[in-house]
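I have placed the structure first, in the form of structure tokens, so that the comments after it can refer back to it.
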């Protein structure tokens, strides 16, 4: 494990997302979401590596975007990217009213959608409760279901935009949830958040393997060397006055 500043990890996350096929705009959202999570001591770097590794090729990033039907987000194909779903939620709703219910279906790595729900909670000046349903849908692929059932969990999350509480720590590493239901929290649920406040931290530990994986994705954004760039890079040799 190595120690990094929050900005270092968020910047590496941005480049990794771009390298995996996200647009620069979405890569910015990835960076912002990762920063929010790691500043609260949550394992966003590791979960981001898993998400990016689940894309077989860049086109899959764009196929994991949601379609909206009323207050529900549904996958265009088999599952939703948590960042695309989170952006769709915050772009479609300025706040969450007392009688409003939002739902998102078939989301991979649900930890990564939490910063966007937190943003919605902050806009609403309210506590928001999420219910995560792990039941796998009938159309689920072997990639999700084969040997991964232990990574599909049910539980709940409460956030007020700053603090966040997970009913089960195992939810942090959940691979897939079939449905996320979002509503304002009740008084008793708010109590649970107040009893388990997250403490913000200025630095974060990232495993060597996760950092290398993020770097591998990030390197895809670098332009390959050309004959001209190699000559420019050797300028000191060409202008040696000794």
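In the working numbering, the protein residues as written are 896 to 1137.
All C-beta atoms, glycine included, are put in the ideal place defined by N, C-alpha and C.
Quick caveat: nothing in here was measured; it's all calculated off a predicted structure.
Whole angstroms are fine: how far does the CA of residue 1115 sit from the CA of residue 967?
Residue numbering aside, residue 967 sits at position 72 when the chain shown is read from its first letter. Residue numbering aside, residue 1115 sits at position 220 when the chain shown is read from its first letter. Each residue's Cα considered, the two are about 34 Å apart.
DSSP on residue 1095, reduced to helix/strand/coil?
The count along the chain shown starts at 1 and reaches residue 1095 at position 200. Residue state, collapsed to three classes: coil.
Simplified DSSP state of residue 936, which is helix, strand or coil:
Taking the chain shown and counting its residues from 1, the one referred to as residue 936 is at position 41. In the structure shown, residue 936 sits in coil (DSSP, three-state: anything other than H, G, I, E or B).
Would you check whether the ligand GTP has a heavy atom nearer than 6 Å to the C-beta of residue 949?
Questions concerning the ligand GTP fall outside what the structure shown contains, since it holds no ligand whatsoever.
How many angstroms separate the CA atom of residue 899 from the CA atom of residue 1028?
For the purposes of this step, residue 899 is taken as residue 4 along the chain shown, with counting starting at 1. For the purposes of this step, residue 1028 is taken as residue 133 along the chain shown, with counting starting at 1. The straight-line gap from Cα to Cα measures roughly 34 Å.
Exposure label - residue 1056; buried when at least 16 CB within 10 Å:
Position 161 of the chain shown, counting from 1, holds the residue named residue 1056. When all chains shown are included, residue 1056 counts as buried.
Cβ atoms of residue 942 and residue 1006: under 7 Å apart, would you say?
As a first step, residue 1006 is located in the chain shown; it is residue number 111 there, counting from the start. As a first step, residue 942 is located in the chain shown; it is residue number 47 there, counting from the start. Yes, the pair counts as a contact, with Cβ atoms nearer than the cut-off.
Per DSSP, which one or two residues make a beta bridge with residue 1100?
As a working note, residue 1100 is residue 205 in the chain shown. Paired residue(s): 898.
Sequence-distant residues of its chain with Cβ nearer than 7 Å to residue 909 (five each side left out)
Locating residue 909 in the chain shown gives position 14, where the first residue counts as 1. Close CB contacts of residue 909 within its chain, under the 7 Å cut and outside five residues either way in sequence, are with 922, 923, 925, 926 (chain order).
Given a cut-off of 7 Å on the beta-carbon distance, is the pair residue 1079 and residue 1013 in contact?
What you label residue 1079 is simply residue 184 of the chain shown in a count that begins at 1. What you label residue 1013 is simply residue 118 of the chain shown in a count that begins at 1. Contact: no.
DSSP-derived helix/strand/coil call for residue 955:
What you label residue 955 is simply residue 60 of the chain shown in a count that begins at 1. Helix.
Would you check if there are 3 or more beta carbon pairs closer than 8 Å linking the segment 1069-1078 to the segment 995-1004?
yes
Enumerate in chain order the residues of its own chain whose CB-to-CB distance from residue 1108 is below 6 Å, with the five nearest sequence positions on each side excluded.
Translated into the one-based positions of the chain shown, residue 1108 becomes position 213. Closer than 6 Å at the Cβ level, and outside the excluded window around residue 1108, lie 944.
Which residues in the same chain as residue 970 place their Cβ atom closer than 6 Å to its Cβ, once the five residues preceding and following it in sequence are excluded?
Taking the chain shown and counting its residues from 1, the one referred to as residue 970 is at position 75. Here the set comprises 1001.
Quick check: what's the CA-CA separation for residue 1082 versus residue 1110?
Translated into positions along the chain shown, residue 1082 becomes position 187. Translated into positions along the chain shown, residue 1110 becomes position 215. Between residue 1082 and residue 1110, the C-alpha separation is close to 44 Å.
Residue 977, buried or exposed, once every other Cβ within 10 Å from all chains shown has been counted against 16:
For the purposes of this step, residue 977 is taken as residue 82 along the chain shown, with counting starting at 1. With 16 or more Cβ atoms within 10 Å of its Cβ, residue 977 is classed as buried.
Using 10 angstroms around the beta-carbon of residue 1096, count the other beta-carbons present and answer buried if the total reaches 16, otherwise exposed.
Working through the chain shown from its first residue, we reach residue 1096 at position 201. Label assigned to residue 1096: exposed.
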